[in-house]
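What follows is a short report on a single structure.
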């Protein structure tokens with residue numbers, strides 16, 4: 012073999028090795044990212060994920076779903092598709108499903124979703140939805156956040172984990188269906204940042220604000236504040252002064 016032919020052969024071999032190393036490195040990086048994402052959402056390839064659908068409050072049929080809540084499920088389907096999980100869709104009143112056996116996305120406020128009401132009572136005692144001045148006001152940490160329809164709408168986004176072995180439940184509790192959709196998009200897009208902040212297994216609770224939904228739809232979402240400490244802590248009991256007088 013001549014010197015030129017030998018050099019060409021070496022260059023071909025070097026190119027093949029380099030290409031193989033790049034391909035393997037890229038594949039390993041993608042696999043590592045996938046494993047981190049699966050761990051954050053509690054999913055596994057081929058495993059089930061529970062999607063709990065709220066009812067449309069203004070409809071007579073208990074099984075009617077608002078189009079924005081249906082769109083929220085489509086936003087979440089991107090996460091399930093990436094993680095290779097299989098969606099199991101149930102309506103809010105199908106209460107036979109337990110908690111923490113499967114990863115879960117629960118969509119809607121307590122009026123539209125009975126399971127949301129149960130999550131608020133059992134896991135997020137520091138969060139209150141509703142009140143005397145507004146049926147959809149959210150109260151947490153001593154602050155009250157009433158809705159200004161189509162201008163400012165709030166939504167609670169929480170990751171609930173009760174023990175190390177449990178699968179996480181992600182609660183999306185919005186004042187409106189478009190707020191639910193906005194939060195679903197937020198968790199899909201922002202999960203890398205959430206993972207950096209809270210790790211793969213830590214619980215959290217965030218209060219988000221949707222701005223000018225009439226003009227911008229679910230696109231403009233702002234983080235109001237992290238309310239984790241207040242949300243998972245029971246609120247102080249209200250003392251009836253008249254009764255104790």
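Numbering (this note's numbering), first residue to last: 12 to 256. Every residue, glycine too, gets a C-beta built ideally from N, C-alpha and C.
Check                                                                                                                                                                               : Outcome
So, for residue 211: in the same chain, excluding its five sequence neighbours on each side, which residues have a beta-carbon less than 6 Å away from its beta-carbon?             : 50 and 51
Ignore the nearest five residues each way along the sequence and tell me which others in residue 162's own chain have a CB closer than 7 Å to its CB.                               : 223
Where does residue 81 sit, in a helix, a strand or coil, going by DSSP?                                                                                                             : helix
Distance, Cα to Cα, residue 169 vs residue 79?                                                                                                                                      : 19 Å
Using the Cα positions of residue 112 and residue 229, report the straight-line distance between them to the nearest angstrom.                                                      : 31 Å
Out of 110, 150 and 98, state which residue places its alpha-carbon closest to the alpha-carbon of residue 58.                                                                      : 98
From residue 82 to residue 118, what distance separates their C-alpha atoms?                                                                                                        : 11 Å
DSSP three-state call for residue 220: helix, strand or coil?                                                                                                                       : strand
Compare the beta carbon distance of residue 86 and residue 173 with 8 Å and say whether it is the shorter of the two.                                                               : no
For residue 155, list the residues DSSP reports as bridge partners.                                                                                                                 : 150
Using DSSP bridges, identify the partner residues of residue 183.                                                                                                                   : 118 and 168
Count the other C-beta atoms from every protein chain shown that fall within 10 angstroms of the C-beta of residue 143, then say buried if there are 16 or more, exposed otherwise. : Low confidence applies here, because residue 143 scores a pLDDT of 45, under 50, leaving its location unreliable and the question unanswered by this model.
Let's see if you can read the secondary structure: which residues bound the alpha helix (DSSP H) around residue 203?                                                                : 188-209
Looking only at its own chain, which residues have a Cβ that is under 7 Å from the Cβ of residue 130, when we skip the five neighbours before and after it?                         : 117, 171, 180 and 182
Can you check whether the CB of residue 187 is closer than 8 Å to the CB of residue 164?                                                                                            : yes
In its own chain, which residues sit with a C-beta less than 6 Å from the C-beta of residue 33, not counting the 5 before and 5 after it?                                           : Below a pLDDT of 50, predicted positions are generally treated as unreliable, and residue 33, at 49, falls in that range; no measurement from the model is reported.
What does the alpha-carbon distance come out to for the pair residue 134 and residue 62?                                                                                            : 18 Å
Starting from residue 236, follow the beta strand (DSSP E) in both directions and report where the run begins and ends.                                                             : 232-237
May I have the straight-line CA-CA distance separating residue 254 from residue 246, to the nearest angstrom?                                                                       : Confidence in residue 254 is poor, its pLDDT being 49 and thus under 50, which makes the residue's placement unreliable; the coordinate value appears in the next sentence. Distance between the alpha carbons of residue 254 and residue 246 is about 20 Å.
Starting from residue 131, follow the beta strand (DSSP E) in both directions and report where the run begins and ends.                                                             : First-last for residue 131: 125-133, but that is the alpha helix (DSSP H), not the beta strand (DSSP E).
Applying the criterion that 16 or more other CB atoms from any shown protein chain within 10 Å of the CB defines a buried residue, is residue 36 buried or exposed?                 : Because residue 36 carries a pLDDT of 49, less than 50, the predicted location of this residue cannot be relied on, and no value is offered for it.
Grab me the residues of residue 67's own chain with a C-beta within less than 7 Å of its C-beta, minus the 5 sequence neighbours each way, in chain order.                          : 75, 76 and 77
With distance defined between alpha-carbon atoms, name the residue in 232, 203, 215 and 205 nearest to residue 190.                                                                 : 232
For the ligand NAP, any of its heavy atoms closer than 7 Å to the Cβ of residue 161?                                                                                                : For the structure depicted, the ligand NAP is absent and the ligand set is empty, with no information on it obtainable.
Among the residues of its own chain, which have a CB less than 7 Å from the CB of residue 108, if the five just before and after it don't count?                                    : 61 and 101
Using only CA atoms, which one of 151, 207, 185 and 139 lies nearest to residue 123?                                                                                                : 185
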